[in-house]
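What follows is a single structure, written as C-alpha cells, with notes after it.
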Amino acid sequence: MSIDTPAIEISELGKTYASGEQALDGVSLTIRRGEIFALLGPNGAGKTTLISIICGIVNPGPGRVRVEGFDIVRDWRAARSLIGLVPQELHTDAFESVWNTVSFSRGLFGLAPKPAYVEQLLRDLTLWDKRGSEMRTLSGGMKRRVMIAKALAHEPRVLFLDEPTAGVDVELRRGMWQVVRRLRDNGVTVVLTTHYIEEAEEMADRVGVIHRGRLVEVEATATLMSRLGRKQLSVNLVEPLQAVPEALAERDVSLAEDGHTLVYDYDAAAEETGVRQLLAALEHSGVAYRDISTRQSSLEEIFVNLVNHREDGAP
Amino acid sequence: MNLYAIRAIYRAEMARTGRTLLQSIVSPVVSTSLYFVVFGAAIGSRIPEIGGVSYGAFIVPGLIMLMLLTQSVSMAAFAIYFPKFLGTIYELLSAPVSFLEVVIGYVGAAATKAVILGLIILATASFFVPLEIAHPLWMLLFLVLTAITFSLFGFILGVWADGFEKLQFVPLLIITPLAFLGGTFYTVDMLPPFWQTVTLLNPVLYLISGFRWSFYGVADVSVALSLGMILLFLVLCLAAVWWIFRTGYRLRE
Ligand SMILES: Nc1ncnc2c1ncn2[C@@H]1O[C@H](COP(=O)(O)OP(=O)(O)O)[C@@H](O)[C@H]1O
Ligand SMILES: [Mg+2]
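Chains as they are written, first to last, in this note's numbering: chain Y, 467 to 781; chain W, 8 to 260.
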C-alpha cells in the first residue's frame, strides 16, 4: 500500500434505513492520512450513520468505502483492524473493571496482550488509578475516557470520535483534545463529528459539512470559518420604505417586514465590515431609524445557506 | 481465524460467571440437590426400584439433563442478549471478528459452564444417592454434545429476543416441562399406550434416555437413536446460526 493511499476514501455512498429514512445520499469524501477531520452537521444530518457504516455497525447502502486502501466489505477484516471507534453513546458493562474492558478490546481486535501498552494508555488518559474499578463506579467523564482507551487498545490507524464532547466538561474536553493532537502527531488519522462550529474550528485541519445526508462542503477549516463568520445587521425604521434607498443599492441590503426593517449581511471577520458606511449613508439620505441590532447567523441558517449555495451553483 | 478475539470473548464470559457465582452455579446446584434429598433420602426408599436402580439414583441423569438444558440455554441467551441490551454490541460489530468467531467464544463459554455445572450436580448427587456410571466416556460425550447444542440454541434465542420475557419464556415454559415429561421421573413403559406415543414426540426424551443409559445401561429408546437426535439438533442449530450469519438478522442494521 502506497504511503499516499488516503486514510478514508468514500465514493457515492448512500444509505436508506429499513424504515425508509434516507440517511445518506451520494456522499463522496477523501480523508487524508494524519489529518484531523471534522464532520460538522446538525442533529439527524447523517454523521453517525456515515461513521457506523465505515466501522461495520450499519450495513452499507450503494457506493463504496476504503480504509487505507481496504474495501470495508471485501476486505472487512483488514479495514476494521485499522479503525478505532468511540461511539456517541456511553455503552459500558457496569460490572467489568477498567483494565479488563480495555484488554478485552485489544483481544477482540486480534492483538496479543501487551500490558505495558495498556498501562501507558491508561496513564495517558489518567485512568491508571482506576484500573481495578468497575465501570459503574466511574463518573461520566471517566467512562468516556475508558471508551477512548478501548478504542485505542489495538493501536488503530484511524480513530473515529462521534460527538466526543457532548455532555463533557471544559477540563475533560481540553484533556481530550490533547490526546487527539498527540495521536495526530503519531500519524493517526482522527475523524470527529460535532454540531458545534467552535469545536470543528478549534480542532480540525479540515471540515466537511453534512446536511440531510449530503456532504455540502469540504474545506480547510480556516477557509470555511471565514465564510461562516457572517453577521446580520437590522435597522428598525421610523417610517416604512417602499424600496432600498438609492445610496445603499450597491450594498448587500434588503428590505424586510413590510419596509420597516433594513437588513444588511456582512462578514464580521473582514477588516472593513461596512457598518460605519451603511449608517453614514442612512444619515445622509435622511432615513430615520429607531433602533439597530446585530446577530450571528445560526448554525441552521448557515447550513441552509451552504446547501442553497450548492444547489444554485449546480448545473 | 481471530483466535485472540475468541479467547477474549471466552475469558470475559467466564469472568462474568465468576462474578455471578451464586446465581449461575450455586442456585441450580442447590435446587437440584433438593430433589436428591426428597426422592433419594426421604421418600425414595418407599418407591420401588426401576430396572434394578433405586428411585433416587434413577432420577439423577434426568435432573442433570434438565439443569444442563435450561442453564445452557439461559446462559448463552443472556450472554449475547446483554450486549444488545446494553449497546456494547457496537464493539463486536466493529471488530475484525467473524460471526463464527463470536459464536465459538460465547457458545464455548456457555457450554463450558454448563458442563462444569453438570459435573458439580453429579458430584453432589453422589452424596445423597448410590451412583454408578457404566459408560463414563459416553456420559461425557452426551454431556458435552448436549451442552454445546443447547448453548447454540440459547445463542439463537438471545439474538432473536427483543425483551427479557422472551429470554425467560423458553427455558421456563418450554424446556422445563419437556424435561419433566420426557422421562426424568419415570420410564416410558410405565405410561398408558396413548401417552407412550405422545412422549415419543418429545425430543428431550431421547436426550434423557441416552444419558441415563450411560449410567445404568438401561434406556427407553436405542442409544443410536438418542445420539442421532442430539446430532440432528446440533445440525439444525448450526444451520440457524449460519443463516443469522448470512443475513445479519437482528444484529446489524
Ligand atoms: N437505526 C435507524 N433506523 C432508522 N432510521 C435511522 C436509524 N439511525 C438513524 N436514523 C435516521 O437517519 C438520519 C440520520 O441520523 P444520524 O446518522 O444519527 O444523524 P446524526 O448523527 O448526524 O445526528 C436521521 O433522520 C435518523 O432519524
Ligand atoms: Mg449522531
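Here a beta-carbon is modelled for each residue, glycine too, at the ideal position from N, C-alpha and C. None of the values given here were measured: they were computed from a predicted structure.
Going by DSSP, K91 of chain W is part of the alpha helix (DSSP H) stretching over Y62 to L93. A Cβ closer than 5 Å to some heavy atom of ligand 1 marks a residue here, and those residues are Y:Y483, Y:S485, Y:E487, Y:A489, Y:N509, Y:G510, Y:A511, Y:G512, Y:K513, Y:T514, Y:T515 and W:E260. Think of a sphere of 7 Å around the beta carbon of E534 of chain Y: no beta carbon from chain W falls inside it, the nearest being about 14 Å out. Using a Cβ-Cβ cut-off of 9 Å, L649 of chain Y is close to nothing in chain W; its nearest Cβ partner there is about 18 Å away. Around the beta carbon of Q586 of chain Y, a 10 Å sphere encloses fewer than 16 other beta carbons of the protein chains shown; the residue is thus reported as exposed.
Residue contact check for L574 of chain Y against chain W: a CB pair falls below 8 Å. With the criterion set as a beta carbon lying under 8 Å from some beta carbon of chain Y, the stretch 71 to 84 of chain W has no members that meet it. At least one heavy atom of ligand 2 sits closer than 7 Å to the Cβ of D628 of chain Y.
E668 of chain Y: not part of any beta strand (DSSP E); member of the alpha helix (DSSP H) spanning I663 to M669, first to last residue. By the beta-carbon neighbour count (other beta carbons within 10 angstroms, threshold 16), I50 of chain W is exposed. For Y732 of chain Y, the closest of Y:A722, Y:E749, Y:A746 and Y:T760 by C-alpha to C-alpha distance is Y:T760. Not a single C-beta of chain W is nearer than 8 Å to the C-beta of T603 of chain Y. Taking 7 Å as the cut-off, one finds at least one heavy atom of ligand 2 near enough to the beta carbon of Q554 of chain Y.
Under the 8 Å criterion on CB atoms, V684 of chain Y is classed as non-interfacial with respect to chain W. For I758 of chain Y, the enclosing beta strand (DSSP E) begins and ends at Y755 to Q762. Of Y:R696, Y:L548 and Y:A511, the smallest CA-CA separation from E534 of chain Y is found for Y:L548. Apart from the 5 residues on each side of it in sequence, T515 of chain Y sits with its Cβ closer than 7 Å to the Cβ of K481, A489, L490 and V524 in its chain, given in chain order. Judged by beta-carbon spacing, M669 of chain Y lies within the 8 Å limit of A504 of chain Y, meaning their Cβ atoms are closer than that value.
Rounded to the nearest whole angstrom, the CA to CA distance from V634 of chain Y to G607 of chain Y is 6 Å. Within chain Y, the residues placing a beta-carbon under 8 Å from that of T95 of chain W are H557, T558 and D559, ordered along the chain. Around A19 of chain W, the beta-carbon contacts reaching into chain Y at under 8 Å are E562, N566 and F570.
Rounded to whole angstroms, L707 of chain Y and H750 of chain Y show a C-alpha spacing of 16 Å. Distance from the CA atom of F222 of chain W to the CA atom of A141 of chain W, rounded to whole angstroms, is 5 Å. Relative to the Cα of R543 of chain Y, the nearest Cα in the group W:A231, W:S101 and W:K173 belongs to W:S101. Around L100 of chain W, the beta-carbon contacts reaching into chain Y at under 7 Å are G522 and I523. Looking at the DSSP output, Y732 of chain Y shares a beta bridge with Y:K697. In this structure, the CA atom of G235 of chain W is about 37 Å from the CA atom of G573 of chain Y.
DSSP places Q644 of chain Y in the uninterrupted alpha helix (DSSP H) bounded by V636 to D651.
Within the same chain, and ignoring the five residues on either side of G47 of chain W in sequence, the residues whose Cβ sits closer than 7 Å to its Cβ are G63, F135 and V136. Under the DSSP definition of a beta bridge, R672 of chain Y partners with Y:F503 and Y:A686. DSSP, read as helix, strand or coil, puts Q488 of chain Y in strand.
Unbroken alpha helix (DSSP H) stretches of 4 residues or longer found wholly inside the stretch 160 to 190 of chain W: 171 to 177 and 183 to 186, given in chain order.
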